[in-house]
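Protein chains: 2
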Amino acid sequence: MLKQYYLFVLLLLLLSCNNNQTHKESKISQPEYLTSWNDGIAKSNIITYVEDITNPQSEHFISVKDRIAVFDNDGTMWSERPIYFQFYFVIDRLKEMAPQHPEWHVNQPFKSILEDEPNALLKSGHEGIAKVLDATMGGTTEREFQQIVSDWVKTAKHPESGKLYTYYVYKPMLELLDYLRDNNFKIYIVSGGSLEFMRPIICEIYNIPEEQILGTTYKTVYDYNDGEPLLKRLNEMSFYNDKGNKVVNIQNIIGKKPVFCGGNSDGDLAMMQWTSSNKLKSFMLYVHHTDSIREWAYDRESPIGKLDKGLDQAIELGWTVVDMKNDWRTIFEN
Amino acid sequence: MLKQYYLFVLLLLLLSCNNNQTHKESKISQPEYLTSWNDGIAKSNIITYVEDITNPQSEHFISVKDRIAVFDNDGTMWSERPIYFQFYFVIDRLKEMAPQHPEWHVNQPFKSILEDEPNALLKSGHEGIAKVLDATMGGTTEREFQQIVSDWVKTAKHPESGKLYTYYVYKPMLELLDYLRDNNFKIYIVSGGSLEFMRPIICEIYNIPEEQILGTTYKTVYDYNDGEPLLKRLNEMSFYNDKGNKVVNIQNIIGKKPVFCGGNSDGDLAMMQWTSSNKLKSFMLYVHHTDSIREWAYDRESPIGKLDKGLDQAIELGWTVVDMKNDWRTIFEN
Chain A
1 MLKQYYLFVL LLLLLSCNNN QTHKESKISQ PEYLTSWNDG IAKSNIITYV EDITNPQSEH
61 FISVKDRIAV FDNDGTMWSE RPIYFQFYFV IDRLKEMAPQ HPEWHVNQPF KSILEDEPNA
121 LLKSGHEGIA KVLDATMGGT TEREFQQIVS DWVKTAKHPE SGKLYTYYVY KPMLELLDYL
181 RDNNFKIYIV SGGSLEFMRP IICEIYNIPE EQILGTTYKT VYDYNDGEPL LKRLNEMSFY
241 NDKGNKVVNI QNIIGKKPVF CGGNSDGDLA MMQWTSSNKL KSFMLYVHHT DSIREWAYDR
301 ESPIGKLDKG LDQAIELGWT VVDMKNDWRT IFEN
Chain B
1001 MLKQYYLFVL LLLLLSCNNN QTHKESKISQ PEYLTSWNDG IAKSNIITYV EDITNPQSEH
1061 FISVKDRIAV FDNDGTMWSE RPIYFQFYFV IDRLKEMAPQ HPEWHVNQPF KSILEDEPNA
1121 LLKSGHEGIA KVLDATMGGT TEREFQQIVS DWVKTAKHPE SGKLYTYYVY KPMLELLDYL
1181 RDNNFKIYIV SGGSLEFMRP IICEIYNIPE EQILGTTYKT VYDYNDGEPL LKRLNEMSFY
1241 NDKGNKVVNI QNIIGKKPVF CGGNSDGDLA MMQWTSSNKL KSFMLYVHHT DSIREWAYDR
1301 ESPIGKLDKG LDQAIELGWT VVDMKNDWRT IFEN
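Order-wise, the sequence lines are chains A and B. My numbering numbers the first residue of the first sequence as 1 and each following residue consecutively. My numbering numbers the first residue of the second sequence as 1001 and each following residue consecutively.
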């Protein structure tokens, strides 16, 4: 009797020693993952892939150090309509800075934007957008800029709904990040958005540390400042993290080819292709904006988040295309 | 008797369950760390700092996520004499590429270098060095370049000793990385050396993954290449990771201010100052080349690894200066 008791305790202890391992493995097929996803091809593709490449018995097994996942941000992790949320930030900042810039009341596209026509920014084309971004994203220290962004996101409201911009983070995508993270993926955001605009907003919400955010950068100079060193942001973009440049940044900063890539537009196509060319089994996921009621519906003709060549290639190569309307039970948390 | 036996097994199991924790804590003050370091101020400063900031009872305790350490490479982690080892690579590559470049036999500094005067590279100044780097660091795909570097480092020999360049890695610094790593520091290399030259050589030796190497980059373009995507390195530097730019890169890529900084020249001074301005308790370590017998002795007047303003500031602000001759029992592994 005593012997059996001790054997039982031994068994319990052995089980608890292996707790992490057992826990991890059993989690994979648990239904609590991806709860905002309807059953369907997209969800089952994801689960099949992750179960395959994490299975040490599978020929597709991928070691933890190579489980690199990259995700676009605008339109992939949160909404981007009617215009990128960073553009609303830029417009708000333009208004705030306008008293110090009388010339903006004369020059376009500044004049129109200040006269409450946010669409004037988009209409001004690449050159106009660059002018406005350069005027508003630089001119402060790094720390000041982080504070400005942090303050803005706590109070600024989406023009259509009056909700905070952070409302527009996609719940199913947060669940996907959790699922991948619990399967030991290292997750990076690789976005055309400005690095220092994203970090104060998304690191906490996505549970991703600063060093795993890759974005567009502005020229920055170091100043010793008599022993209180500063980084000064200049009014000039230094690296536009879009299209092929996303791949360049992945190589320069991550240094490994990803095995999982999530995006929503042609701007993400290069990193999809790059991921798809991995010798390890890879997974390409395109978020297709198909829900005009709960979110917005757009693709081939959209000036923001245009998905045209990417959609063709996804269909041709059998990448997973998420139909937001049908694949997502819930889009936003609340 | 049986009962005692089971109790003994239970005890063993319990101990093995707590193995990691116990192991970690006991390691910190074990003498097996930093064995190539002589007892002295440098070694005791390091240990005192690490024991302080890892002690949860200390007012200086630093949480694991903030234990960021940055190290320069040339002259800090391995030797840099008579000229940077990357320069020898560049010279070897120049010779290999010369048959396709008849113009190099006429134009300087190419002509002199090809006539076996490696010092001609250094003498040609910033402009000449830039020309030679641009000519030799680009022009291939990313993967080809990695292979070229990997092949080179396995066979190329230091001109003075005939030893492999990897011989010149400082054993005491590898021990310091181990010590910091075992105390949950995340270690980055932040070097003026080219990113894609360093990665194939140092990642394995230093036990640091690709994404924790920051260096000088070359313009790179993505090419879909009919479904077999490539990154093509162009013959033009895109970011020179030296001085203030090291701080810019630390902010852009790491996104947190380090608490530990190791360097050896004025090129590292900005990141020393940046680290020193951390509100968390920080540690600045300058490697001072004082051993003309076992390594090289140089500082204020050296064209390579000049340490002048940095030495003044280290003395003024009480940073730790490693006297290689007296502080290091062993410099190289073999």
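From the three backbone atoms N, C-alpha and C, an ideal C-beta is built for every residue, glycine too.
Contact check, residue i vs residue j, beta carbons under 8 angstroms
| i | j | result |
| --- | --- | --- |
| H1289(B) | W1296(B) | yes |
| N1326(B) | G1040(B) | yes |
| Y1170(B) | W1078(B) | yes |
| T1076(B) | M1198(B) | no |
| E1175(B) | T1035(B) | yes |
| N1241(B) | S1191(B) | yes |
| F1185(B) | T1217(B) | no |
| L354(A) | Y206(A) | Nothing can be reported for residue 354(A): it is not among the residues displayed for chain A, which extend from 1 to 334. |
| E80(A) | I304(A) | yes |
| R1233(B) | G1139(B) | yes |
| W1152(B) | D1092(B) | yes |
| G1193(B) | D1266(B) | no |
| D1072(B) | G1262(B) | yes |
| I1148(B) | L1121(B) | no |
| G244(A) | M272(A) | no |
| P1102(B) | G1128(B) | no |
| E1211(B) | G255(A) | yes |
| Q313(A) | E1142(B) | no |
| P1258(B) | A1069(B) | yes |
| Y1165(B) | F1085(B) | yes |
| Y1222(B) | V132(A) | no |
| Q1146(B) | P1099(B) | no |
| T1155(B) | M1097(B) | no |
| M324(A) | D291(A) | yes |
| L390(A) | I62(A) | Beyond the ends of chain A as shown, which are 1 and 334, falls residue 390(A); an answer cannot be given. |
Within chain A, partners of residue i - CB distance below 7 angstroms
| i | result |
| --- | --- |
| V1248(B) | T220, Y222 and L231 |
| G1244(B) | V221 and Y222 |
Neighbour list for residue i in chain B, Cβ cutoff strictly below 9 angstroms
| i | result |
| --- | --- |
| K256(A) | P1209, E1210 and E1211 |
| T216(A) | The contacting residues do not exist; T216(A) stays about 11 angstroms from chain B at best. |
| G75(A) | The premise fails here: G75(A) is roughly 21 angstroms from chain B at the closest Cβ pair, so nothing lies under 9 angstroms. |
Residues bridged to residue i (per DSSP)
| i | result |
| --- | --- |
| S1194(B) | T1216(B) |
| K154(A) | Bridge partners of K154(A): none, in fact. |
| Y170(A) | F332(A) |
| K186(A) | I68(A) |
| L164(A) | K157(A) |
| W1274(B) | Partner(s): none; W1274(B) has no beta bridge. |
| T1290(B) | A1297(B) |
| L285(A) | G262(A) and T320(A) |
| Y1222(B) | L1231(B) |
| T141(A) | K232(A) |
Contacts that residue i makes with chain A (C-beta to C-beta distance below 9 angstroms)
| i | result |
| --- | --- |
| N1228(B) | Sequence check: residue 1228(B) is Glu here, not Asn. Those are S277, listed as they occur along chain A. |
Proximal chain B residues relative to residue i, where beta-carbon distance stays under 7 angstroms
| i | result |
| --- | --- |
| E142(A) | Q1251 |
- request: Note down, in chain order, all residues in the region 300-319 of chain A with a beta-carbon under 7 angstroms from any beta-carbon belonging to chain B.
  value: none
- prompt: Which of the residues in the region 1178-1201 of chain B, read from start to end, lie with their CB under 7 angstroms from any CB of chain A?
  reply: L1195 and R1199
- prompt: Curious, which full-length alpha helix (DSSP H) runs of at least 4 residues does the region 1099-1138 of chain B contain?
  reply: 1110-1114, 1119-1123 and 1125-1137
- request: Can you give me, in chain order, the residues of the region 1262-1287 of chain B that have a beta carbon less than 7 angstroms from any beta carbon in chain A?
  value: Those residues of the region 1262-1287 of chain B that come within reach of chain A (Cβ to Cβ, closer than 7 angstroms) are A1270, Q1273, W1274 and S1277.
- request: Kindly provide the ranges of any alpha helix (DSSP H) runs that are 4 or more residues long and lie completely inside the region 1050-1097 of chain B, ordered along the chain.
  value: 1085-1097
task: For the region 117-146 of chain A, enumerate the residues whose C-beta is nearer than 9 angstroms to any C-beta of chain B, in chain order.
output: E142
- prompt: Enumerated in chain order, which unbroken segments of the beta strand (DSSP E) with a length of 3 residues or greater are wholly contained in the region 1224-1263 of chain B?
  reply: Within the region 1224-1263 of chain B, the complete beta strand (DSSP E) segments at least 3 residues long are 1230-1239 and 1260-1263, listed from N- to C-terminus.
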